[in-house]
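Contents: one structure, followed by commentary.
In the numbering used here, the protein residues as written are 1225 to 1432.
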């Protein structure tokens, strides 16, 4: 856009494979069979997944807008053989997920910077949610951070830029809402590559 600020855009194409093993369903002795899936033992749904995003950034700040699952897709686990009037079948659907994020780099010295940021997520009809993030970074080489999602959970993060081509990030997300009765947290490991980096810039050039 100019000598200090850049604009980027990205798109991803993929598929989602959602499946249901009806043999694992248990409704107790009174209702041993779910009539919606009574005639099937294993049901698969394969749906396309397309995402788009834009990113504006420079050395001091960034802002981005992204959308996942931009094509709404109907989804259900019935076997297509349901008959009679005793059961009403309600089909679900995959809907777009919208993300807005922004952050600012604050220099604490020649080698250390502090990066507060936020991300807002909207999925209709779920209420708007926010992530509040902080990160301390040393020379665009190594960083640690934390993230808070009010009334839902928090996370710890650690990342290293190994060289101008390769980086690695680890994070652990702990759920603090009532979902923690069925979730013990999530571990994530991300490997990043910068291709065609002929000038040998650190990966990525402006680390946020």
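Beta carbons are placed, not taken as given, at the ideal position from N, Cα and C, and that holds for glycine. Keep in mind the model is a prediction, meaning the values are calculated, not measured.
Of the listed residues 1419, 1378, 1277, nearest to residue 1388 (C-alpha basis): Selection 1419, 1378, 1277 evaluated against residue 1388 yields 1419 as nearest (Cα-Cα).
Rounded to whole angstroms, how far is the Cβ of residue 1379 from the Cβ of residue 1360, which I believe are closer than 8 Å? No, residue 1379 and residue 1360 are not in contact; Cβ-Cβ is about 15 Å, not under 8 Å.
Could you round the C-beta distance between residue 1294 and residue 1231 to whole angstroms and report it? I think they count as a contact, below 8 Å. That pair is no contact at about 20 Å.
Tell me which residues share the same chain as residue 1428 and place their Cβ nearer than 7 Å to its Cβ, disregarding the 5 neighbours each side in the sequence. Low confidence applies to residue 1428: its pLDDT is 49, below 50, so where it sits in the model is not reliable, and the reading given next is rough at best. These residues qualify, in order along the chain: 1418.
In angstroms, rounded to a whole number, what distance separates the CA positions of residue 1286 and residue 1396? Whole-angstrom Cα-Cα distance: 24 Å.
Just verifying my parser: in three-state terms, what is the DSSP assignment at residue 1309? Interpretation of residue 1309 is limited by its pLDDT of 47, a score under 50 that renders its predicted location unreliable; the figure taken from the coordinates is listed afterwards. Of the three classes helix, strand and coil, the one that applies to residue 1309 here is coil, per DSSP.
Would you report the Cα separation of residue 1390 and residue 1368, rounded to the nearest angstrom? When rounded, the distance between both Cα atoms is 17 Å.
If you follow the beta strand (DSSP E) that residue 1289 is in, where does it begin and where does it stop? 1285-1292 is the extent of the beta strand (DSSP E) around residue 1289.
With respect to the beta strand (DSSP E) encompassing residue 1183, which residues constitute its N-terminal and C-terminal limits? Outside the shown range of the chain (1225 to 1432) lies residue 1183, about which nothing can therefore be said.
Between the Cα of residue 1325 and those of 1249, 1241, 1290, spot the shortest distance and give me the residue it belongs to. With distances taken between Cα atoms, residue 1325 lies closest to 1290.
Out of 1330, 1244, 1271, which one is the CA nearest neighbour of residue 1318? Selected option, being the one with the closest Cα: 1271.
If I follow the unbroken beta strand (DSSP E) through residue 1321, where does it start and stop? Bounds of the beta strand (DSSP E) holding residue 1321 are 1321-1328.
What distance in whole Å lies between the Cβ atoms of residue 1354 and residue 1374, which are believed to be in contact at a cut-off of 8 Å? Going by Cβ atoms, the distance from residue 1374 to residue 1354 rounds to 7 Å, so yes, they are a contact pair.
Can you say whether residue 1381 is buried or exposed, counting buried as having 16 or more other CB atoms within 10 angstroms of its CB? Buried, since its Cβ has 16 or more Cβ neighbours within 10 Å.
Can you tell me where the beta strand (DSSP E) holding residue 1343 begins and where it ends? For residue 1343, the enclosing beta strand (DSSP E) stretches over residues 1336-1347.
Reference residue 1358, options 1333, 1327, 1346, closest by Cα: Of 1333, 1327, 1346, the smallest CA-CA separation from residue 1358 is found for 1327.
Going by the DSSP bridge assignment, what does residue 1395 pair with across the sheet? According to DSSP, residue 1395 bridges with 1381, 1412.
Among all the DSSP beta bridges, which residues are the ones paired with residue 1252? The beta-bridge partner set that DSSP reports for residue 1252 is empty.
From 1371, 1336, 1322, pick the residue whose C-alpha is nearest to that of residue 1350; which is it? Out of 1371, 1336, 1322, 1322 has the C-alpha closest to the C-alpha of residue 1350.
Using 8 Å as the threshold, is the C-beta distance between residue 1251 and residue 1274 below it? With contacts defined as CB atoms closer than 8 Å, residue 1251 and residue 1274 fail to qualify as a contacting pair.
Starting from the Cα of residue 1348, find the closest Cα among 1334, 1331, 1320 and give me that residue. The residue with the shortest Cα to Cα distance from residue 1348 is 1320.
Label residue 1337 either buried or exposed according to how many other C-beta atoms from any shown protein chain fall within 10 Å of its C-beta, with 16 as the threshold for buried. Residue environment for residue 1337: buried (at least 16 other C-beta atoms within 10 angstroms of its C-beta).
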